Each structure stands twice: as C-alpha cells, then as structure tokens.
Amino acid sequence: MTVTRYDNRTIYDSFWYGVTANGLKQGTFFRTPFGTAPTAAHPPLTSLVLGSVNFVIGLHAGTTNQRLVMSVVGAAVILFVGLLGRAVAGPWVGLTAAGLTAVAPNFWIPSGIVMSEALAMLLMALILLAVVRMLRAPNLPNAALLGMACGAEALVRAELILFVPALLVPAVLTAHLVTLRRRWVLLGASLLVVVLVLAPWVGRNLATFQDRTYLSTGNGLVLLGSNCSAVYSGAGLGLWSLQCADGVGSTGDESVQSARGTHLGIQYAEHHWTRLPVVVLARVGRLWDLYQPIQEARVEANEGRPVPASVAGLSVFYLFLPLGVAGVIVLRRRRIRHWFLLVPAGVLTLVSALAYGLIRFRDPFEVCLVVLCAPPLVLMAEAIGRRRKELQHAHAERAGSSG
C-alpha cells in the first residue's frame, strides 16, 4: 500500500470498484458512479468483496480500508500459491513458490490497488488447486470446487469464463481412475455449479438491461477503444484509447451503448483488416513485456502502479521466465502433470489478441509462473546441500587419516 497509490480524482476501473462497493452500504446496488442508472461495466465480485468491509467488520468502506481488504486478498494469494505448489510437486516446491510470491513485485503491486487483479490471482490459484485435486481424486466435491472457482473467476473478470472450456472441461475429462461415463457425470456436476454461481448476476442483468447482457456491459467500450486509429499505429499501437471509447455515446442504457461500441469496433477492424496482424502482435507483445515495456509501465501508472514498481516487476518477470522454462523441463522429466500451469498463458494471450495488451492482464499467469520457477530452485538447493555434505565428509576423512 505504501508503494501503490490511489487518486480519487482519476476516473479508471479502481474508481468504479470503489464507488459501487460503497453503494452497497447505501442500498444502491450497482449504479453508475455519476447517476442512478444500473451498471454492469464490470462483474460484481470485486465490488462485493470490497463492500464486505461494511458488513463483516463494520468499517466505513473508504479507500484506505478497501486497499486493506485487497492487501488481505494478496496475503491469501501467498498461502494458496504455496498450497498449489505443494499439491503439484511437494512441500519444498510449495514453500519456495510461496516465498517467491511474497517478494515478487507483480504480486504485491496488485495487492495495494482497488482493482480486480489480486482477487483474480487468488481465484487462479484456487482453480489450479482444484484442477490438481480433480486429476488425482475425481469426485463430486472436487468437481463442485472446480466449478465454483471457475464461476467466481468469471465474476471477477468476465473474459476469464474461458477457463471453463480451457481448464475445467479437460481436467474433468482427463481424470484417471474413473470410467468415461463417470467423467461425464462429474463434468455435468461441475458445469452446473458454474451456472449456479453465475445465475444471480446473469439473471439480474437479463432482467435489467434493454439488450441481452450476461456478465458485463464493458465489451463495447473494450472493442471500440481498442479498434481505432489511435491504437492501430503510432505510440498507442496495441493499447486502448479512452477518447475512441467515447464514441459509444450517452443515449440508451449501458447494454445499448455496449452494443453500439461493439458494432463500431468490429466495423473499424473489418475496414482496417490489413493492420490487424501488426496490431495483434503489438497487443500480445505488450501483454508479455516484449513490446514497449517501459511505455507500458508509464501507461499503467494511471491505474495506481508507480513506474519504478512496474519496472521492478518487469525485471523480476524477465528473471522468472527462464526459471519457468526450466521448471517445465524438470516437471516433464519427473512425469508430473503440469499442462494446467501453461493453459492460462494461452487463454490470456487470446484475450489480449482480441482486446488490447496491458501488464495487469497477465497477472493470473504470475501464479503459474512462480510455481514453475520453484522446482529448479529446489533442485539447485538440494544439489548444493549434497555437495556441502560431500565436502564435509571428505574433510572428515582427511582429518581422520591425518590423525
């Protein structure tokens, strides 16, 4: 919290989360920050967690208290990453992964900001832990846990509903020690839990908005702001433009505005399709800090991430990448299943290719990366320990023979 910042005069996602969280205490259930119209600009879970400070511990949900809530979420991420590492490859891997999580800037930066990323990382760890449990013990409780975690993740960031087909479905259908029929039963149960988790919010949106809305009305703003001249060339290549997003207008409710933005964004992309390969490469490059990383750090300073902290996170990310590759090799040689630690990278790459690239969109994969970094570090520590014992033994033998 002392490193990150919050400026309530700046209008970005953090402002929306803070205002809607405060509105829960006042009885205004998800209303626009500057009016009384219903809003679903983002899914509800982050605001609900932030607003829980009112109902659970009775504190005023001011900015500082909301940031404290996210700091608690960040601390929980350390615990669940440790549990995930232990489940994947043993207790030492778990402890190492938890230690890396505690010191890595890309974990503690989101924990001090009133945004959705810290909660998305926590649920990412829970999803992967549920995947491991499902693969090893395919039963109804684990199927329900996996469905609940995937549903909750979609209520944090709508695009992460893609973890259902990308992680939930293959985890259930490739589980060992059960018949194919049993796998289909477990899959049905897990998907049912996803539906039950999403149903209240989706039902509210279907009953509230003029145009059909499921998880969020934000897709129109995303598509329009990421498909315009400002982000198809020049310094903003692969980013998102607020000025372009203003083209959704102010007539109609959020669903109508979203539909308008979706239409205009897709129309622009179709009319400028020859630029799409370059734009998509820039988006993906920004996601993985391979294109204009320092500019990315400056852009995300508008969302409470100071440039020095983001640069520190960038440096650690570059250090972790080769360690993660080594971790994949170690796990493969030990015949430990780890495909689920790689899938989020593909999902997040797809999301950025279709939308735009920001460092924070990569945050859920940071969970996978630290777990992948842990096995080679444990191996190195074990090798150093063995070498030290060998040297001590050799020294003792020489001392004995000389005596």
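When we follow this note's numbering, the leftmost residue of the sequence shown carries the number 871, and every step to the right adds one. Ideal placement from N, C-alpha and C gives every residue a C-beta, glycine not left out. Note that the structure is a prediction, hence the values are computed from the model and not measured.
What are the start and end residues of the alpha helix (DSSP H) that includes residue i?
i, result
"Y1188", "V1177 to R1203"
"W1143", "Neither: W1143 is in no alpha helix (DSSP H) and is coded neither H nor E."
"D883", "D883 to Q896"
"M994", "E987 to R1006"
"G1090", "N1089 to G1095"
"L1076", "L1050 to T1078"
"C1114", "L1112 to A1115"
"Q936", "T933 to A959"
"Q1165", "P1163 to E1170"
"P1011", "L1010 to A1024"
"F977", "P975 to W978"
"P1040", "V1039 to L1043"
"W1158", "First-last for W1158: undefined, no H or E at that position."
"V1213", "W1209 to L1224"
"Y1102", "S1099 to Y1102"
With distance defined between alpha-carbon atoms, name the residue in the options nearest to residue i.
i, options, result
"L1025", "L1056, V1064 and M1004", "V1064"
"N892", "S917, T906, G905 and A907", "S917"
"W1158", "G1227, W886 and A968", "G1227"
"R956", "R1257, A1264, P1245 and R1268", "P1245"
"A907", "L1191, T1121 and A1152", "T1121"
"G1095", "C1114, M985 and K895", "C1114"
"F904", "V1181, V919, G888 and P914", "G888"
"R1027", "A1100, R1230, R1168 and A968", "R1230"
"L1085", "L1091, A1069, S1099 and L1093", "A1069"
"V1237", "L1211, I1254, L1224 and E1252", "L1211"
"N1075", "A1100, F900 and L953", "F900"
"E1252", "V1198, T966 and T898", "T966"
"L954", "V942, S941, M940 and G969", "G969"
"R1082", "V951, F885, W1110 and A1129", "A1129"
"P1163", "A1105, I1206, R1205 and W1071", "A1105"
"R1204", "L1189, G960, A1152 and T1219", "G960"
"G952", "Y1188, T898, L1239 and H1133", "L1239"
"P914", "P1147, T898, W1071 and V1055", "W1071"
"L1160", "F1187, V1177, I1136 and L1134", "F1187"
"D883", "R1168, L1050 and L1112", "L1112"
"V1151", "L1107, R1053 and G897", "Sequence check: residue 1151 is Leu here, not Val. Measuring from the Cα of L1151, the nearest candidate turns out to be L1107."
"V1067", "A1264, I1031, V1195 and W886", "I1031"
Verify whether the separation of the beta carbon atoms of residue i and residue j is less than 9 Å.
i, j, result
"T909", "T890", "yes"
"I948", "A972", "yes"
"A1179", "I979", "yes"
"A1004", "A1013", "Rather than Ala, the amino acid found at residue 1004 in this sequence is Met. Contact flag set, yes."
"E1029", "V1200", "no"
"A988", "S981", "yes"
"V1149", "V1092", "no"
"G1117", "C1098", "yes"
"G1058", "G1090", "no"
"M940", "M994", "no"
"R1175", "L1109", "no"
"G837", "H912", "One cannot answer for residue 837 here, as it falls past the ends of the chain, which runs 871 to 1273."
"A1225", "R1153", "yes"
"V1048", "L1056", "yes"
Write down the C-beta distance between residue i and residue j rounded to the nearest angstrom, noting that I regard them as a contact closer than 8 Å.
i, j, result
"S1060", "L1016", "5 Å"
"F1033", "V1217", "6 Å"
"A1019", "A1000", "5 Å"
"P1192", "P1214", "Rounded, the Cβ-Cβ distance is 19 Å, inconsistent with contact."
"G1197", "C1243", "6 Å"
"G1276", "L938", "Nothing about residue 1276 can be reported from this structure: the residues present for the chain run from 871 to 1273 only."
"E1173", "I983", "7 Å"
"V1241", "V958", "6 Å"
"V923", "N935", "5 Å"
"G1248", "V1002", "Reading off the sequence, residue 1248 comes out as Val, not Gly. So it is not a contact: roughly 18 Å between Cβ atoms."
The segment 999-1011 touching the segment 1036-1043, judged by at least three CB pairs closer than 8 Å:
yes
message: Whether or not the segment 1139-1151 and the segment 1114-1126 are in contact is what I'm after, with contact meaning three or more pairs of Cβ atoms, one per stretch, closer than 8 Å; do they touch?
response: no
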